[in-house]
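Participant: Which chain is which? The protein sequence lines are R and D, in order.
Per this note's numbering, numbering through the first sequence is continuous, rising by one, with the last residue being 291.
Per this note's numbering, numbering through the second sequence is continuous, rising by one, with the last residue being 267.
We treat Cβ as the ideally placed atom computed from N, Cα and C, and that holds for glycine.
For clarity, every value in this text was computed on a predicted model and none was experimentally measured.
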Amino acid sequence: MNAILEIQGLAKTYESSDFRLNNISFSVPSGAIMGFVGENGAGKSTTIGCILNTLIKDSGTVRIFGKEMTADSTDIRDGIGVVYDTNCFPEHLTPVEISSAMRLIYSKWDNGLFKEYLRKFKLPEKKKVKTFSRGMTMKLAVAAALSHHPNLLVLDEATSGLDPIVRDDILDVFLEFVQDENKSILLSSHITSDLEKVADYITFIHQGSIIFSEKKDVLKYNYGVMRCKSAQFAAMDKEDMLAYRKHDYQIDVLVADKQAASKKYRDIVIDNASIEEIMLILVKGEK
Amino acid sequence: MMKNNPTRGLLMYSFYSSKGNIGVALLLILALGITLLITGSTTVYAFFTLVAIGIPPYIIMIKMGAKNQTQWEKFQISMPLKRKNIVASFYLSIVIATFAGFLLCGVILGIGLVFHEGLMEHVIKTAFGSVSYIIGIALLMAGLLLPIGSTKFGENKGEVFFTLCLGIAAGIVLLIQWAGGKVDIPPAIISLSQIVIALTALVISYYITSKIYAKMDF
C-alpha cells in the first residue's frame with residue numbers, strides 16, 4: 005500500500021526550550037487513519053508543524069503524495085485539509101465570507117460541498133464566527149478542511165475539548181472520508197478512546213521520540229498487560245517486559261506478545277491492553 | 050470553478066475582518082464630509098482629510114494585530130500560499146486602504162468645492178501638503194510597524210509599538226518638511242518627496258518582512 009505521508013529522520017530544536025524532536029520517522033498509508041498519540045508536550049504539534057511547514061525543521065524529509073514538502077510546495081498544500089485545536093478563522097467572518105475567500109485560495113474549493121457540510125453540522129451561514137460555540141467552531145473548521153477535496157487531512161487535537169456528541173459527529177465524518185482508498189488522515193489526539201474508535205494505525209510519541217508506530221489491531225491483539233504480584237514480577241524474564249508500572253498491591257507489566265507470555269507465565273493474569281493503558285505504562289512506568 | 054488567486058483571497062479575508070470597523074469609520078467620514086459640504090469650514094476640512102485618509106490604514110493595521118490572537122497566521126501558512134504572498138497581502142491591504150480613503154476624500158472634497166468658493170482657495174493652497182503629509186505618515190508607519198509586528202516581538206506590546214511607529218513616522222515626515230523649507234524647495238516637491246520616500250520605505254520594509262517571515266516558526 006502506498007504511503008500518502010512519509011516522514012524520515014525529522015528533527016527540530018527550539019532555542020528557547022530544552023525540547024527536541026528526535027529523528028522522527030513514520031508513514032501514513034493511503035486509505036488509513038493514523039492516530040498520533042502522546043501526552044501534552046510530547047511533540048505531536050511540533051511534528052505536525054514540521055509536516056505542514058509552519059515550523060522550520062532542522063533536518064529530515066517530509067514527503068506527501070510522493071513529493072517532498074518545502075516552503076513553496078503550494079501544490080501539495082492544495083491537497084491537504086488542516087484542522088487545529090482552536091479557532092483558525094478571523095472572528096468577524098461568517099461562513100459565507102470564509103467560503104468566498106477560500107475559493108480564491110484552494111484550486112478545488114467546492115462551495116456546494118461546504119454548504120452541504122454547514123447544513124449537516126447545523127451551522128448558520130451568516131453568523132459571525134465569534135458567536136459560535138467551541139463545538140460549532142471546530143465543525144466549521146472540519147467543514148472548511150473537507151470542502152476543497154483534500155487527499156490528506158491533518159488534525160491537530162481537533163477533537164479535544166468537545167463534548168462526546170460533537171466528537172462522535174466529527175469522527176463519523178472522518179470515517180466517511182477514508183472510505184476513499186486514496187485518502188488518509190493523520191489524527192493527533194490524547195483522547196485515546198477516539199483513536200480506539202477510528203484509527204487503523206497508532207504512532208506513539210514521547211519526549212520528542214517515536215516509541216512505536218503500529219497497526220491498531222497489532223496493539224489490540226498482540227500487546228497485553230500482565231497483573232503481577234511482587235514475587236511473580238521478580239521471577240519474570242526482564243526481556244519479556246516492554247515496561248512496567250508499580251501500584252500498591254500489583255505491578256502491571258506491558259508485553260508485546262500476549263500469546264507467548266500467557267504460555268510462558270501460566271499463573272499470571274494477562275488482560276488486553278488499551279491504547280490508554282499502553283500509553284500510561286510507557287510514560288509513567290519504568291523500563 | 051473559479052481560478053485561484055491566493056493574494057486576492059487573503060485581501061478578501063483582510064477586508065471581511067475589518068468590515069465592521071470600516072463601516073463605523075465610513076459613517077464618521079460621511080458625517081464629517083456632510084458637515085464640510087454644509088459649512089465649508091477649513092477646520093472641518095483639515096479634520097476630514099485626516100480621518101478619511103488616516104483611519105482606513107489604521108483599521109487594517111489594528112486588525113492585523115488582532116489576527117495574531119487566533120491561529121489564523123499559522124493556518125495561513127498551512128494553506129496553499131507562499132509566505133511572500135502572505136506578506137504581500139499585508140502591504141497591499143494597507144496601500145489599498147490608504148488610497149481608498151484618499152479617493153473618498155477626493156470625491157467629497159470635489160463636491161464641497163462646487164458649493165464653497167472660499168474652501169476652494171484654501172484647498173488649493175494646502176491640499177497637496179496635507180494629503181501628502183497624511184499619506185506619508187500612514188505608509189511610513191506601516192513600513193515601520195509591519196517588520197516589527199511580524200517578529201511577534203511581544204504581541205501584548207502592540208499599542209506601544211503602534212504609538213512609537215506613529216511618532217517616528219510623523220517625525221520623519223515633519224523632518225522632510227522642515228529640511229525642504231530650509232533649502233527653499235517648492236512645497237509641491239516636498240510633498241511629492243514625502244510620498245516617494247514613504248513608498249520606498251514601504252517597499253524596503255516589504256523585503257525585510259519577507260525575509261523575517263520566511264524563517265519564522267508559527
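So who's on the other strand from R67/R, going by DSSP bridges?
Facilitator: E10/R and E72/R.
Participant: If A265/R sits next to L246/R, beta carbons under 8 Å apart, how far is it from one beta carbon to the other, in whole angstroms?
Facilitator: In fact, because the Cβ distance is near 11 Å, the residues do not count as touching under 8 Å.
Participant: Relative to the C-alpha of T141/R, which candidate in I102/R, A203/R and V182/R has its C-alpha closest?
Facilitator: Residue I102/R is the option with its Cα nearest to T141/R.
Participant: Counting contacts by CB-CB distance shorter than 8 Å, is F267/D in contact with chain R?
Facilitator: Yes, F267/D counts as interfacial toward chain R.
Participant: Given this structure, state the Cα-to-Cα distance separating L40/R from K187/R, to the nearest angstrom.
Facilitator: Note that residue 40/R is Phe in the sequence shown, not Leu. Cα to Cα, the separation comes out at about 17 Å.
Participant: What's the gap between the Cα of G85/R and the Cα of F216/R?
Facilitator: Their Cα atoms are separated by approximately 25 Å.
Participant: Look at the alpha carbon of Y65/D and the alpha carbon of I11/R, and state the distance between them as a whole number of angstroms.
Facilitator: Answer to the nearest angstrom: the Cα atoms are 37 Å apart.
Participant: Residue range of the alpha helix (DSSP H) that N115/R falls in?
Facilitator: Taken as a continuous stretch (DSSP letters only), the alpha helix (DSSP H) holding N115/R covers N115 to K124.
Participant: Leaving aside the five residues before and after C232/R along the sequence, list all residues of the same chain whose C-beta is less than 6 Å from its C-beta, in chain order.
Facilitator: Hits under 6 Å: I255, V257 and I272.
Participant: Going by other Cβ atoms of all chains shown within 10 Å of its Cβ, with 16 needed for buried, is K143/R buried or exposed?
Facilitator: By the neighbour-count rule (16 or more Cβ atoms within 10 Å), K143/R is buried.
Participant: Label Y262/D either buried or exposed according to how many other C-beta atoms from any shown protein chain fall within 10 Å of its C-beta, with 16 as the threshold for buried.
Facilitator: Flag for Y262/D reads buried.
Participant: Could you say if the stretch 48-55 of chain R and the stretch 180-196 of chain R meet the contact criterion of at least three C-beta pairs nearer than 8 Å?
Facilitator: Yes, they touch.
Participant: By how many angstroms is the C-alpha of H165/D removed from the C-alpha of N117/D?
Facilitator: Here N117/D scores only 48 on pLDDT, less than 50, and its place in the model should not be relied on; the value that follows carries that caveat. If you take the alpha carbons of N117/D and H165/D, they lie about 46 Å apart.
Participant: What residues in the stretch 71-93 of chain R bring their beta carbon closer than 9 Å to a beta carbon of chain D?
Facilitator: The residues in question are A75, D76, S77, T78, D79, I80, R81, D82, G83, I84, V86, Y88, D89, T90, N91, C92 and F93.
Participant: Which chain D residues sit within Cβ distance under 7 Å of E101/R?
Facilitator: By Cβ distance, chain D contributes Y65.
Participant: Does L199/R pass the burial test, meaning 16 or more other C-beta atoms within 10 Å, or should it be called exposed?
Facilitator: Classification of L199/R: buried, given that the 10 Å Cβ count is 16 or more.
Participant: Identify the contact partners of S104/R in chain D, using a Cβ-Cβ distance below 7 Å as the criterion.
Facilitator: What S104/R touches in chain D: M61.
Participant: Using DSSP bridges, identify the partner residues of C232/R.
Facilitator: According to DSSP, which records beta bridges pairwise, C232/R is partnered with I255/R.
Participant: Just the Cα atoms here: how many angstroms apart are N276/R and V229/R?
Facilitator: Roughly 6 Å between the two C-alpha positions.
Participant: Quick check on L25/R: buried or exposed, where buried means 16 or more other Cβ atoms within 10 Å of its Cβ?
Facilitator: With 16 or more Cβ atoms within 10 Å of its Cβ, L25/R is classed as buried.
Participant: Using a Cβ-Cβ cutoff of less than 7 Å, which residues in the same chain neighbour L99/D once the five nearest sequence positions on both sides are dropped?
Facilitator: Contacts found: I183.
Participant: Go through its chain and collect everything with a Cβ distance to K133/D's Cβ below 7 Å, but skip five positions before and after it.
Facilitator: Same-chain partners within the cutoff: S259.
Participant: Hey, how far is the Cα of G165/R from the Cα of A219/D?
Facilitator: Straight-line Cα distance between these residues: approximately 47 Å.
Participant: Apart from the five residues just before and just after K219/R, which ones in its own chain have a Cβ nearer than 6 Å to its Cβ?
Facilitator: Within the same chain, K219/R has close Cβ partners Y205.
Participant: Buried or exposed: which applies to V202/R, given that a residue is buried once 16 or more other Cβ atoms fall within 10 Å of its Cβ?
Facilitator: It counts as buried.
Participant: Would you mind reading off the limits of the alpha helix (DSSP H) that contains M128/D?
Facilitator: No alpha helix (DSSP H) contains M128/D, which DSSP labels as neither H nor E.
Participant: Sorted by chain position, which residues of the same chain lie with C-beta nearer than 7 Å to H96/R's C-beta, five sequence neighbours on each side aside?
Facilitator: For H96/R, where only same-chain residues beyond five positions count, the Cβ hits under 7 Å are K132 and K134.
Participant: Who are the near neighbours of G203/D in its chain, counting only those whose CB is closer than 6 Å to its CB and skipping five residues on each side?
Facilitator: Reliability fails at G203/D, whose pLDDT of 48 lies under 50, so the model's placement of it is uncertain and no value is given.
Participant: Would you list the one or two residues that DSSP bridges to I102/D?
Facilitator: In DSSP, I102/D forms no bridge with anything.
Participant: Mind listing which residues of the stretch 40-57 of chain R have their C-beta closer than 8 Å to chain D's C-betas, in chain order?
Facilitator: The residues in question are G53, L56 and N57.
Participant: Checking 8 Å against the spacing of the C-beta atoms, do L9/R and V32/R come in under that value?
Facilitator: Contact flag set, yes.
Participant: Just to check my reading of the structure: L152/D and L251/D have Cβ atoms closer than 8 Å, yes? What is that Cβ distance to the nearest angstrom?
Facilitator: Not really, about 18 Å apart at Cβ, beyond 8 Å.
Participant: Unbroken beta strand (DSSP E) runs of length 3 or more, entirely within the stretch 139-186 of chain R: which are they?
Facilitator: Entirely contained in the stretch 139-186 of chain R, the beta strand (DSSP E) runs reaching 3 residues are, in chain order, 156-160.
Participant: Just curious, the alpha helix (DSSP H) that K68/D is in, first and last residue?
Facilitator: P55 to T88 is the extent of the alpha helix (DSSP H) around K68/D.
Participant: If we define contact as Cβ-Cβ less than 8 Å, is L269/D a contact residue for chain R?
Facilitator: For residue 269/D there is no data in the structure shown, the boundaries of chain D being 50 and 267.
Participant: What residues match up with I206/R in a beta bridge as DSSP calls it?
Facilitator: According to DSSP, I206/R bridges with G39/R and E218/R.
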